[in-house]
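**Q** My structure is below; once you've seen it, I'll send some questions.
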Amino acid sequence: MQTSPDRHEYPAHWEADVVLRDGGTARIRPITVDDADRLVSFYEQVSDESKYYRFFAPYPRLSAKDVHRFTHHDFVDRVGLAATVGGEFIATVRYDRIGADGTPASAPADEAEVAFLVQDAHQGRGVASALLEHIAAVARERGIRRFAAEVLPANTKMIKVFTDAGYTQKRSFEDGVVRLEFDLEPTDRSLAVQYAREHRAEARSVQRLLAPGSVAVIGAGRAPGGVGRSVLGNIRDAGFTGRLYAVNKALPEEQKELDGVPAHRSVRDIDGPVDLAVVAVPAEHVPQVVTECGEHGVQGLVVVSAGYAESGPDGRERQRALVRHARTYGMRIIGPNAFGIINTSPRVRLNVSLAPETPRPGRIGLFAQSGAIGIALLSRLHRRGGGVTGVTGVSTFVSSGNRADVSGNDVLQYWYEDPDTDVVLMYLESIGNPRKFTRLARRTAAAKPLVVVQGARHGAAPQGHAVRATRLPHATVSALLRQAGVIRVDTITELVDAGLLLARQPLPAGPRVAILGNSESLGLLTYDACLAEGLRPHPPQDLTTAASAADFHTAQSRALADDRCDAVVVTAIPAVGEGSVADAALAEALRSAAAAAPAKPVLVVHVELGGLAEALSAAASTAPQVDAGEPAPTAPGPAPTEERPRGEERPLGEERPPTEERPPGEERAPAEEGSPTAERRPTAERPPTAETPEGAHLIPAYPAAERAVRALAQAVTYAQWRRDAADPGKVPEYEDIDEKGAAALIDGLLARGQGLTLGTEETCDLLGHYGIQVHRALPAPTADAAAEAARTLGYPVALKATAPHLRHRADLGGVRLDLADEDQLRRSYAELTDLFGSPDELRPVVQRMAPRGVDVVVRAVIDPAAGAVLSFGLAGAASQLLGDTAHRLIPVTDREAASLVRSIRTAPLLFGWRGSAPADTRALEELLLRVSRLVDDHPEVVAVTLEPVVVASHGLSVLGASVRLAPPPARDDLGPRTLPAY
């Protein structure tokens with residue numbers, strides 16, 4: 002490393018792992034004096050053409066002087082970065098600070114020349130783009146605001162790197178050279194370009210894991226049983242379409258097969274590429290396996306081995322070493338301690354997991370951070386997806402284990418554009434990067450539903466998960482996720498309930514619900530459940546227990562045709578005696594009625610109607626049948642003889658056509674892609690095909706009214722979010738905001754120290770730059786001082802105790818209001834001092850009375866994990882005792898400010914409740930927008946509290962305010978792309 006006294010300390014924080022365009026990874030780090038040999042070796046592998054483009058002349062080799070220059074940097078005025086794979090350079094970039102005349106310079110010069118060189122074998126992988134992001138971030142950190150680059154016109158690839166980056170730039174041409182100059186301040190376009198590149202790279206990295214051309218299972222035991230041998234069998238039995246290998250160093254030299262799969266003692270012995278390696282060896286042997294895989298060119302690893310961060314501090318360090326080791330070779334990792342991955346696409350048929358059977362193919366993407374919960378979700382989808390509500394299955398499944406590398410954010414990047422996935426279900430025990438997750442969730446939810454259940458909500462994250470500390474309570478994080486369009490549920494049962502509805506039915510246009518069925522009591526339960534969930538149900542229509550299939554069809558068709566109805570819930574109980582409706586007939590009646598009005602969702606609440614549930618899932622005339630000569634495939638789930646909870650749906654293994662008796666355990670074949678039972682997309686209907694009759698719709702069925710209605714309510718809320726997201730509003734500009742004046746004030750205040758809470762005058766001054774006026778409060782250390790303050794402000798006045806234990810506690814009697822004259826003021830002053838102690842203890846102040854209104858609280862805080870958050874609620878018990886506070890991510894748009902005001906439960910108090918005068922909510926919304934702008938414009942403002950704010954019929958009064966300043970926390974969403982450094 003650098004040791005010379007004229008050089009700065011090695012900047013280790015510049016080191017980063019990045020995902021490249023093809024899904025592989027590379028390490029970016031500063032170049033040091035120790036890299037001379039690596040630099041020479043790298044340069045020897047660069048083509049003559051690339052060398053010519055770099056130096057504008059033939060340059061076959063580097064001289065000793067060149068090597069010294071390119072490896073000796075001061076990390077301020079001269080900086081070099083290298084991208085490495087396997088410890089060797091694949092690309093370099095450097096900048097040299099220059100003055101106005103183009104000669105070498107030091108600060109305060111703020112321009113630098115930049116130049117790249119990428120090894121030919123790695124061109125086209127997005128290496129230069131990643132290096133540009135990182136060298137630009139380094140330059141900004143060192144006070145450089147502008148880059149200049151000279152490029153030969155024929156070097157179109159490098160010109161494209163600069164022009165596509167999204168920075169504001171100028172181009173000129175002189176002496177046969179193109180000169181590009183561009184500012185390094187991030188722009189909306191540069192951030193959009195960065196996010197797009199991040200999306201493509203991370204989605205591709207996951208795609209390489211889920212759709213490999215070849216898989217090696219390392220640690221497949223010689224004896225039956227064991228994790229490795231089980232995974233090997235599961236891959237083979239799933240019918241993997243690629244090449245499969247078994248690897249075990251303990252195999253005899255002469256053994257060439259294991260369970261019919263080609264076997265080898267090492268991955269190095271495999272003749273041909275290996276895209277994915279499954280690592281199932283003890284943790285102490287994993288490093289050797291990773292080295293062998295890296296040297297063989299393996300692209301990714303699924304590490305099912307345990308003994309890592311979940312086992313304690315030693316395991317956590319072992320996990321960090323594993324990630325660093327794998328990334329050295331450009332490999333990504335799922336795990337360690339992972340349950341595995343599944344891809345049901347007929348093009349892949351991959352089951353790299355401990356699930357003994359591959360789930361049915363379907364349109365649901367499933368992510369679980371817990372293997373146990375992953376098993377439970379697969380089992381529930383197995384039962385619900387077949388025998389009860391139709392052949393709904395999984396497109397892809399990822400159980401990330403300790404998620405040391407690949408996380409839910411990466412998988413979201415993949416699912417966003419995955420044509421085989423319509424709905425995303427996620428079980429999360431921790432969110433490593435909430436800011437990024439929220440950004441990706443908002444984008445994903447705009448295209449397809451995203452349903453999330455969070456575990457470990459009331460405690461620490463599991464030991465295996467490295468997460469950033471957050472000061473926000475779980476309720477706040479959940480509210481922010483809902484703002485991003487995430488459908489938040491509390492249990493895995495609700496996760497599956499919502500997922501099946503969203504995978505099969507269109508989104509409702511509103512909250513109006515028609516209820517019909519053959520049980521008055523069940524209809525009333527459904528009606529009550531709708532009201533409890535905030536829906537607007539029509540009175541239930543009781544068809545009586547004598548209703549025929551035709552009666553159901555007629556009633557459902559009428560409800561679906563009613564413009565006042567947005568969704569239909571059908572309730573059904575078994576009928577007894579002559580004239581009872583056959584299950585198949587009723588199912589066909591409901592399905593045909595739904596098919597005639599495909600724009601409205603239909604749900605069924607059934608009571609132990611196994612035949613009806615099965616018939617709803619597939620009409621007898623179009624359902625795929627199992628060939629008599631072929632055994633029926635199976636899927637994960639409880640055995641047919643397993644006792645199941647009361648009210649739980651029939652296991653998928655008991656599925657049978659309504660017209661045919663089938664022994665328990667025998668199944669119908671799973672639906673193929675495009676079959677009559679294929680799911681309906683929530684966002685856009687797939688066109689009917691010869692294999693998919695227009696009427697073959699699936700209707701989800703639920704064993705309880707509450708579950709069906711809750712799923713419907715979640716769909717209604719999500720549909721409204723989708724409509725609102727189409728027009729998110731704008732962040733308004735206010736002419737009276739003095740951004741530069743506020744910045745100068747903040748810089749001056751921060752010069753005093755690292756963090757400070759502003760005094761009253763400084764707070765009022767800073768807020769005043771953003772048009773937020775705080776009512777003056779004059780100190781009153783004596784009764785005479787109080788009287789003088791009141792004369793200055795003008796009567797009537799308020800007398801307040803501002804001691805910490807009395808501040809904002811009117812209930813304790815520390816406030817006297819509407820004091821009309823000096824006598825009342827002096828009398829109140831004496832009462833306060835008699836009750837609570839001396840003025841030194843009370844810290845009394847005098848403030849002019851504000852117009853009467855509703856007291857509210859406005860807060861903003863910058864959380865290190867979630868980012869800047871704006872909060873709003875009524876002052877007093879409503880927010881403090883009941884937690885009735887709403888939250889939005891900053892910056893807030895005008896539409897979001899309006900929804901924030903209306904989203905608290907006590908919002909009616911602002912809108913004329915019980916005949917009171919409505920508050921000026923427009924002024925309140927403007928205040929929220931101004932606070933949002935202040936925090937967004939100046940990240941040094943880490944906390945703002947306005948309490949109380951009295952919102953009157955006309956205007957509002959800010960009676961108290963506090964502001965805290967600190968150096969801004971790092972914004973990784975604005976910096977260069979980088980993988981988490983677990």
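All letters in the sequence shown, in the order written, are residues 2 to 983 by my numbering. We treat Cβ as the ideally placed atom computed from N, Cα and C, and that holds for glycine.
So, do the region 324-331 and the region 350-360 have three or more beta carbon pairs nearer to each other than 8 Å?
**A** Contact between the region 324-331 and the region 350-360 is absent, because fewer than three Cβ pairs lie under 8 Å.
**Q** Under a three-way DSSP split, which group does P61 fall into?
**A** coil
**Q** DSSP beta-bridge partners for S958?
**A** Paired residues: V951.
**Q** If you count every other CB in all the chains shown that lies within 10 Å of the CB of P977, and 16 or more means buried, which is it?
**A** buried
**Q** Quick one: give me the first and last residue of the alpha helix (DSSP H) that P435 is part of.
**A** 435-446
**Q** Mind listing, in chain order, the continuous alpha helix (DSSP H) runs of no fewer than 4 residues lying wholly within the region 136-177?
**A** 157-164
**Q** Starting from the N-terminal side, write out each stretch of the alpha helix (DSSP H) that is 4 residues or longer and does not extend beyond the region 895-946.
**A** 895-903, 922-938
**Q** Just verifying my parser: in three-state terms, what is the DSSP assignment at Q506?
**A** Coil at Q506, not helix or strand.
**Q** Can you name, in chain order, every residue of its own chain whose Cβ lies under 7 Å from the Cβ of L526, other than the five neighbours on each side?
**A** A706
**Q** I'd like the list of long-range same chain contacts for F241, defined as Cβ closer than 8 Å, with 5 residues on each side in sequence excluded.
**A** V216, V349, R350, L351, N352
**Q** Can you list, in chain order, the stretches of the beta strand (DSSP E) that have 3 or more residues and sit fully within the region 727-803?
**A** 778-780, 798-802
**Q** Here's the rule: buried if 16 or more other CB atoms are within 10 angstroms of the residue's CB, otherwise exposed. What is K449?
**A** buried
**Q** Starting from S354, follow its DSSP beta bridges and name the residues at the other end.
**A** G341
**Q** Do you know offhand how far Q774's Cα is from C765's?
**A** 7 Å
**Q** Can you give, in chain order, each stretch of the alpha helix (DSSP H) that sits fully within the region 811-843 and has at least 4 residues?
**A** 823-837, 840-843
**Q** Would you check if there are 3 or more beta carbon pairs closer than 8 Å linking the region 857-867 to the region 931-940?
**A** Two segments are said to touch when three or more pairs of C-beta atoms, one from each, lie closer than 8 Å; by this definition the region 857-867 touches the region 931-940.
**Q** Nearest CA to the CA of G366: which residue from Y54, A373, G394?
**A** G394
**Q** Just curious, the alpha helix (DSSP H) that E311 is in, first and last residue?
**A** Premise fails: E311 is in no alpha helix (DSSP H) and is neither H nor E.
**Q** Just reading off the beta strand (DSSP E) that T188 is part of, what are its end residues?
**A** First-last for T188: undefined, no H or E at that position.
**Q** I need the boundaries of the beta strand (DSSP E) containing D97, first residue and last residue.
**A** 89-99
**Q** Taking 7 Å as the limit between beta carbons, can you name the residues of its chain near A879, skipping five residues before and five after?
**A** D885, T907
**Q** So, helix, strand or coil for Q1038, using DSSP?
**A** Within the shown structure, residues of the chain are numbered from 2 to 983, placing residue 1038 beyond reach of any answer.
**Q** Using a Cβ-Cβ cutoff of less than 7 Å, which residues in the same chain neighbour V859 once the five nearest sequence positions on both sides are dropped?
**A** F873, L928, L929, V932, L947, V950
**Q** Classify S676: buried if its beta carbon has 16 or more other beta carbons within 10 angstroms, exposed otherwise.
**A** Only weak support is given to the placement of S676: the predicted model assigns it a pLDDT of 33, under 50, and the question is left unresolved by the model.
**Q** Give me the DSSP bridge partner(s) of Y719.
**A** Note: Y719 sits in no beta bridge, so no partner.
**Q** If I follow the unbroken beta strand (DSSP E) through T26, where does it start and stop?
**A** 26-31
**Q** Where does A697 land, buried or exposed, given buried means 16+ other C-beta within 10 angstroms?
**A** Only weak support exists for where A697 lies, its pLDDT of 46 falling under 50; the coordinates are left without a value.
**Q** Do three or more CB pairs link the region 76-90 to the region 25-41 at distances below 8 Å?
**A** yes
**Q** Under a Cβ-count criterion, where at least 16 other Cβ atoms within 10 Å of its own Cβ denotes burial, should F340 be classed as buried or exposed?
**A** buried
**Q** By how many angstroms is the C-alpha of G868 removed from the C-alpha of T439?
**A** 10 Å
**Q** With 16 as the cutoff for other CB atoms within 10 Å, does H955 come out buried or exposed?
**A** exposed
**Q** Report the rounded CA-to-CA distance for A138 versus T718, giving the unit in angstroms.
**A** If you take the alpha carbons of A138 and T718, they lie about 40 Å apart.
**Q** Going by CA-CA distance only, name the one from T188, R889, S401 that's closest to T477.
**A** For T477, the nearest C-alpha among the options comes from R889.
**Q** Under three-state DSSP, which class holds E114?
**A** strand
**Q** Is L211 closer than 8 Å to T492 when the C-beta atoms are compared?
**A** no
**Q** According to DSSP, is P995 helix, strand or coil?
**A** The structure shown does not extend to residue 995, since the chain spans only 2 to 983, so no value can be given for it.
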